[in-house]
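Some notes on the structure that comes next.
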Amino acid sequence: MFRKSDKDRKNEAIQQAVPEEKYRKPSPLGGNKWDEEGFLEFNGVQKGQQIKLHTYRCKTTLSDPKSVTVFFHGLNEHLGLYAHIAQAISKEANSIVVGFDFRGFGKSQGLRGWLESREQLESDCSRFIIQIRTMYPRLPLFTLGQSMGGMASYLMGLNDICEGTVLISPAILDNYYNQPFMKKLGLCFGACFPTWNPFPPVVVTGSRNPQILEENLKDPYCTQVAVLPGTGRVLVSTMRSLPRTFTQYKKPFLVISGGMDQIVDPDVGHELMKQSPSQDKQLIHYENMWHDCVQEQEILEIIPKIVDWISERSIK
Numbered sequence: 001m002f003r004k005s006d007k008d009r010k011n012e013a014i015q016q017a018v019p020e021e022k023y024r025k026p027s028p029l030g031g032n033k034w035d036e037e038g039f040l041e042f043n044g045v046q047k048g049q050q051i052k053l054h055t056y057r058c059k060t061t062l063s064d065p066k067s068v069t070v071f072f073h074g075l076n077e078h079l080g081l082y083a084h085i086a087q088a089i090s091k092e093a094n095s096i097v098v099g100f101d102f103r104g105f106g107k108s109q110g111l112r113g114w115l116e117s118r119e120q121l122e123s124d125c126s127r128f129i130i131q132i133r134t135m136y137p138r139l140p141l142f143t144l145g146q147s148m149g150g151m152a153s154y155l156m157g158l159n160d161i162c163e164g165t166v167l168i169s170p171a172i173l174d175n176y177y178n179q180p181f182m183k184k185l186g187l188c189f190g191a192c193f194p195t196w197n198p199f200p201p202v203v204v205t206g207s208r209n210p211q212i213l214e215e216n217l218k219d220p221y222c223t224q225v226a227v228l229p230g231t232g233r234v235l236v237s238t239m240r241s242l243p244r245t246f247t248q249y250k251k252p253f254l255v256i257s258g259g260m261d262q263i264v265d266p267d268v269g270h271e272l273m274k275q276s277p278s279q280d281k282q283l284i285h286y287e288n289m290w291h292d293c294v295q296e297q298e299i300l301e302i303i304p305k306i307v308d309w310i311s312e313r314s315i316k
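First residue of the sequence shown? That's 1 in UniProt numbering, and the numbers climb one at a time after it.
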């Protein structure tokens, strides 16, 4: 008779967890905003047409910044949701923080919610970094991202175009317990009908705080359509292929993970730490933290650690 493993039972329990009123609190984002938007002309091409990608920047308090941090956001989100982290890094680590909304997300143009391919994601991010390096040629450059943005940050480190990476709940190890049937559909339909959208939106419980979900549903720049089959195919296939690169990942990194992550494998941080040959690696893991940790209360403890990590690797 088949018996479930401890991991099976644990992950099934994680998938059944739901936001609860006792965790309701205002978002840690507060009233924070980026210092500038649209500071840089950055474009892409989609279906033969040029599209504009919306850019952000937070300045330092010193005239001589110590580094640059390129910020990438998560799926269906926008960089405005990360202003509290960007402000802390720019003002406390004296690191110029920049970023852009991925094509089709946030304030950027493009077909809503469509991630065309892993290569397209890598191309947009690397092109942006090249432009930023021309603006700040002598500064060390770090990448930082949450979820899909964590995937992008990881890929920039894997491609050796940054000096180090901060990976927050990075989508680099698939959670096979999360929506397995929908993933099969996405892999199937995504190859032939990448932008077909026959499904209703799926509410993803990335936070235990019900107020976060409610605020995101009201946010006009959060993508509320169902994940397109092509987007799902790219994300799932990439998440399932990247673990094979863990043994090649040599960049300095800080990985942040939560033991109650329903979307990415909760052990992503432990696996990367175990397999990566990097000589400069660090893990912050909160057993009770959910996937959307940038809007969880733990982020208030995590932000100073991110600031310290970037400061220690910046120009002295």
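Each residue gets a CB set at the ideal place from its N, CA and C atoms; glycine is no exception.
Tyr154 - containing alpha helix (DSSP H), residue span = Met148 to Leu158
Can you tell which of Ile212, Pro65, Val236 and Pro198 has its C-alpha closest to the C-alpha of Arg138?
-> Pro65
Option in Asp124, Met151 and Leu111 with minimal Cα separation from Gln224 | Leu111
Residue interval of the alpha helix (DSSP H) (run including Leu235) | Pro229 to Ser241
Decide if Tyr176 is buried, meaning its Cβ has at least 16 other Cβ atoms within 10 Å, or exposed.
-> exposed
What residues in its chain sit with their C-beta under 8 Å from that of Glu36, if we drop five residues either side in the sequence?
-> In the same chain as Glu36, and ignoring 5 residues on each side of it, the C-beta atoms closer than 8 Å to its own belong to Tyr56, Arg57, Cys58 and Lys59, in chain order.
Taking Gln131 as the reference, which of Gln109, Ser108, Val98 and Ser117 has the closest Cα?
-> Val98
Alpha-carbon spacing of Ser126 relative to Tyr154, whole angstroms = 12 Å
Residue ranges of each alpha helix (DSSP H) run of no fewer than 4 residues wholly in the UniProt region "Disordered" (1-29), ordered along the chain?
-> 6-16
Candidates Ser237, Asp6 and Gln279, of which the one nearest Gln248 by Cα = Gln279
Proximity of Leu187 and Val236 at Cβ, strictly below 8 Å | yes
C-alpha distance - Ser311 paired with Ala86, whole-angstrom precision = 14 Å
For Ser90, collect the residues of the same chain with a Cβ closer than 7 Å to its Cβ; drop the 5 residues on either side in sequence, then sort them by chain order.
-> Cys58, Lys59, Thr60, Ile96 and Val97
Any contact of the stretch 273-288 with the stretch 4-16, i.e. 3+ C-beta pairs under 8 Å?
-> no
If you draw a straight line from the alpha carbon of Ala171 to that of Arg9, how long is it in whole angstroms?
-> 22 Å
Spell out a yes or no on whether the stretch 67-87 and the stretch 140-148 are touching, meaning 3 or more CB-CB pairs, one atom from each, closer than 8 Å.
-> yes
Is it buried or exposed for Leu62, if we count other Cβ within 10 angstroms and need 16 for buried?
-> exposed
Residue range of the unbroken beta strand (DSSP E) whose run includes Ile85 = Not the beta strand (DSSP E): Ile85 falls in the alpha helix (DSSP H), residues Ala83 to Glu92.
Residue from Ile256, Met260 and Asp265 whose Cα sits closest to the Cα of Lys305 = Ile256
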